[in-house]
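Please read the structure below before turning to the comments.
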Amino acid sequence: MIQIPRGTQDILPKDSYKWQFIEERLHEIAKNYNYKEIRTPTFESTELFVRGVGGSTDIVNKEMYTFQDKGDRSLTLKPEGTAPVVRSYIENKMQHDVVQPTKVYYMAPMFRYERKQKGRYRQFVQFGIEAIGVEDPLIDVEVISMLMHIYKSFGLKDLKLYINSIGDQNSRSAYNEALVNHFKPSIDEFCSDCQTRIDTNPMRILDCKKDRDHELIKTAPRMYDYLNDESKQYFEEVKANLDAIGIGYEVDYNLVRGLDYYTHTAFEVMSDAEGFGAITTLCGGGRYNGLLEMLDGPHETGIGFALSIERLLLALEAENIEIPEPAGIDLYICTLDDKSIERASHIVHTLRTKGISCDIDYKRRKLKAQMKDADRKGAAYTIVLGENELSTGNVELKHMGTGESKTVHLDELDTLLEEK
Ligand code: HAM
0 MIQIPRGTQD
10 ILPKDSYKWQ
20 FIEERLHEIA
30 KNYNYKEIRT
40 PTFESTELFV
50 RGVGGSTDIV
60 NKEMYTFQDK
70 GDRSLTLKPE
80 GTAPVVRSYI
90 ENKMQHDVVQ
100 PTKVYYMAPM
110 FRYERKQKGR
120 YRQFVQFGIE
130 AIGVEDPLID
140 VEVISMLMHI
150 YKSFGLKDLK
160 LYINSIGDQN
170 SRSAYNEALV
180 NHFKPSIDEF
190 CSDCQTRIDT
200 NPMRILDCKK
210 DRDHELIKTA
220 PRMYDYLNDE
230 SKQYFEEVKA
240 NLDAIGIGYE
250 VDYNLVRGLD
260 YYTHTAFEVM
270 SDAEGFGAIT
280 TLCGGGRYNG
290 LLEMLDGPHE
300 TGIGFALSIE
310 RLLLALEAEN
320 IEIPEPAGID
330 LYICTLDDKS
340 IERASHIVHT
350 LRTKGISCDI
360 DYKRRKLKAQ
370 MKDADRKGAA
380 YTIVLGENEL
390 STGNVELKHM
400 GTGESKTVHL
410 DELDTLLEEK
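Per numbering that gives the first Met the number 0, residue 0 is the first one in the sequence shown, and the count goes up by one each step.
Structural data, given as structure tokens:
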């Protein structure tokens, strides 16, 4: 038997309503904040991620689904959405659009070859937003507040928002130098990846999955102490405005994020709920001031976040929050013989075109089994069609909730159901 690829999942018909509920809510909230949807391809040039996300990140080094197409181009299934959005912004010259800044969102599958674990998939759906073309602490606050609004709108409570500032390029160079001085004498005690990272990108050592408990990670210099005045001021303004609108957060000086493009504000939301599992990050994001220029774009800056629907669902489960099941069908027509099912199939055709949801039993089971089926399909009303009903045109319209029924003519079914 051919099995589903490792790290992927089927969303079965019995569960898809949960996804639809979440997706609808996310479209709605995006609209409230005036973000418009952008759809970019599922695969992009590999170079986009190597240059955008960073050659020394785990995503690029270990986790990309990269392949050569028949024209010998190196393509990659997108592991994240920011670099593709920025590529599209640059290619479509959105800096010249009349509507400024550019505020977009996406909801699409992403692909990372990661070790399978609870909350970690090889294909997962990210909902993300990007605000490009403005550098102002207030837009950083808008992005963070939208994120918290999303989680709260689903009723989640056990959340923690962590923020940090990674500073600008100048602060970062000074910090990198401090990290090299801190780690270099004992770098032999670290994993082989970290031994490379010390030369290519020392900040990556701070979020190494293997060495996270090493004493030197705990005593590492703090980015905050290397921020220049401008970066500090930016961070203070973000915090003050989060305070002003009552968004609680904790500053985590070790938060560096796993992608290279971040500058200034960086943040993550974690779930505190018991039973959530080992991976507690629900969402991550931050500001990326150099990314557009790094991809040969204009001198514009951006900020955004992305969350996966899979982890949102896990958080809901951990906090025992149920997504409401959708209503069943309006009408189920039980049939007693071949003639009546034929007629019923014509009736449902007409009713459906008038917006009434209805079904019949193509398996032609006995009446009792059909009634059970109507119940399982959540039918609000049923009628039974037999020889008698076909000749008079009158049927008993039964309300499944109350058990009450009323004689109606087949021709008035649509108006009656529409009214109800
Ligand atoms: P990221 O931290 O790599 O950031 O991923 C963001 C979110 O995607 C994570 O917090 C998690 O919810 C989800 N996620 C990541 N990997 C997996 C996985 N294997 N299985 C399930 N969920 C996963 C980014 O991708 C940035 N592009 C975010 C961003 C947007 N920064 C600025 N704008």
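Positions of the beta carbon are idealized from the N, C-alpha and C atoms, including for glycine. All values derive from a computational prediction rather than experimental measurement.
Write down the C-beta distance between residue i and residue j rounded to the nearest angstrom, noting that I regard them as a contact closer than 8 Å.
i	j	result
T45	T7	Between T7 and T45 the Cβ distance is about 21 Å, and since that is not below 8 Å, they are no contact.
K260	G53	It should be pointed out that residue 260 corresponds to Tyr in this sequence rather than to Lys. The Cβ separation is near 7 Å, so the contact holds.
V142	F304	6 Å
I149	I28	6 Å
E214	D167	Not confirmed; about 30 Å, so no contact.
M293	R24	Not a contact, Cβ separation roughly 34 Å.
M422	Y32	This structure leaves residue 422 out entirely; the chain is present only between 0 and 419.
L254	M269	Their Cβ separation, rounded to whole angstroms, is 10 Å, which puts L254 and M269 out of contact at 8 Å.
E267	G283	5 Å
Please classify residue i as buried or exposed, where buried requires at least 16 neighbouring CB atoms within 10 angstroms.
i	result
M147	buried
P83	buried
Q19	exposed
K17	buried
R72	exposed
T218	exposed
V250	exposed
Y120	buried
E176	exposed
T262	buried
V98	exposed
G392	exposed
Y105	buried
M0	exposed
L313	buried
R86	buried
R256	buried
E36	exposed
F66	exposed
P100	buried
E129	buried
E79	buried
D57	buried
Q116	exposed
DSSP beta-bridge partners for residue i?
i	result
E267	Y161 and G283
G301	I131 and Y287
L258	Note: L258 sits in no beta bridge, so no partner.
Y105	G127
Q122	F110
Y380	L330 and H398
D358	Y331
L215	DSSP output for L215 lists no bridge partner at all.
T65	T75
V250	I162
S404	K397
S307	Q125
K35	V103
S44	L74
Q168	Paired residue(s): none; Q168 is not in a bridge.
Q116	R119
For residue i and chain D, any beta-carbon pair shorter than 8 Å?
i	result
L366	You won't find chain D in this structure, because it holds only one protein chain.
Is the beta carbon of residue i within less than 7 Å of some heavy atom of the ligand MN?
i	result
Y120	In terms of ligand content, the structure shown lacks the ligand MN and carries the ligand HAM instead.
Any chance the region 152 to 168 sits against the region 222 to 236, with 3 or more Cβ pairs inside 8 Å?
Yes, the region 152 to 168 is in contact with the region 222 to 236.
With a threshold of 8 Å, are at least 3 pairs of Cβ atoms found where one atom belongs to the region 300 to 317 and the other to the region 183 to 203?
no
At a cut of 8 Å, does the region 117 to 137 reach the region 235 to 246 through at least three beta carbon pairs?
yes
Assess, as a yes-or-no matter, whether the region 201 to 215 is touched by the region 108 to 122 under the definition of 3 or more beta carbon pairs within less than 8 Å.
no
For the structure I just gave you, are there three or more beta carbon pairs, one from the region 373 to 388 and one from the region 322 to 336, closer than 8 Å?
yes
At least 3 beta-carbon pairs within less than 8 Å: the region 172 to 186 vs the region 293 to 310:
With a cut-off of 8 Å, the region 293 to 310 and the region 172 to 186 do not count as touching, because too few Cβ pairs lie within range.
Within the chosen definition, does the region 330 to 341 reach the region 360 to 369 through at least 3 CB pairs nearer than 8 Å?
yes
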